Structure formats: C-alpha cells, structure tokens
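Written below as structure tokens is the structure these notes are about.
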Amino acid sequence: MSEYDVKIVRSDRRTCAIQIDRDLTVVLRLPKNYPESRIPELLRQYDAWIKKHIEIMRLKNEARTEYELTDDDIKRLTELARRVIPEKVKHYSKIMGLTPTGVKITSAHSRFGSCSGKNSLCFSYILMRYPDEAIDYVVVHELAHIKHHNHSRSFYSLVGKYMPDYREREKLLRGTPEF
C-alpha cells in the first residue's frame, strides 16, 4: 500500500486522523464507514506530512536513548510524583471546583496524564522530569476533563480561565526533559 507501515483503526469518529507511533508506524484513525478505496489517496495526500513526522519521531527516539532512566531514577521519580502531584491536584481542584474520583501515578510513557470516564486522574511519573509550570499545566488540563471530556473550545476556555499562559506551559512538555 505504501513505503511505510500503516495501521488502520476504525471507530465511531467523524473525521480522519493520522499519527506516527513511537515504532514509526503510521496510524490512520478513520470513521467506520470510510471507504477502503480512498485510503491510498489519503496517504498520497499527506505523504509529505507523514515523512516529515516519521523523521521527527525517529529523532525523538534517538534522543530518548541518549538518557535512559535507571531503576533507581524510576523509583525516585515515582516517589516524588506520589508526593507532589496529589498536592497539586488538591490545590487546583479547590481553585477550579472540580474533584476527581481518584489520583494515580503511572509509568505511562506515551502520555503525561489522563482522565477516565469516571473522572479518575492518572499522571505519569515522567512528569517529574519537567519544570513545575509544565506539571501544573498537566494537572489543570486533566482536571478540566472532569467537566469537558474532550478538547473542545469550552475545554480550552476552562483551562485558560485558570491558566492563561497554558500554551507556553504546554510547549515546555515538548522540550527535552530536565534530566
């Protein structure tokens, strides 16, 4: 079909989305009724974007291996996250008037935080490698998902209400971690 590995994920979504996984696989997220015959054209249309982002992910993968965390690093970061993040959640929860059903620290590497459908928040210990401003942003972002389980304008309006500089803080997460 193409010169790169493609994985197709169909769901009840309305739009098409393309992402590049860490293993450099191109993931096409398509509506259930998206015609199979249109997939090659979709790949051709976004070929330059796909190639560019495969190279970006390849470079990120190389950077990741330059500093691998030891077991001691992971243990220390996890313990730190268990002390720091629940306090930040408590602080912003009070300010925002939004209370999660639970807070967990995970070893997720593909996302810094998540909010379940039951409003339980998870945060990766990896966050501890970033500045406090970035950690605060992730906490506010996930708390906002309690009210808006999406990334709509209303969601970002709520995030911006409590963190007007959230775009700058979000950029900190795209940079290289502090160690």
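For the sequence shown, counting from 1, position 152 maps to 154 in our numbering; every step adds exactly one. Where is the CB? At the ideal position from N, CA and C, for every residue including glycine. All of these numbers come straight from a predicted model, not from anything done at the bench.
- Between the alpha carbons of Phe-114 and His-153 lies a distance of about 16 Å.
- Here Tyr-127 is near Leu-82, since their CB atoms are less than 9 Å apart.
- Beta-bridge annotation (DSSP): Gln-21 is paired with Val-29.
- For Phe-125, the enclosing beta strand (DSSP E) has its first and last residue at 122 to 126.
- Judged by DSSP in its simplified three-state form, Lys-9 adopts strand.
- Closest option to Lys-106, judged by alpha-carbon separation, among Glu-144, Asp-75, Lys-9 and Glu-135: Glu-144.
- Following the DSSP letters along the chain, one finds Lys-34 in no alpha helix (DSSP H), marked with neither H nor E.
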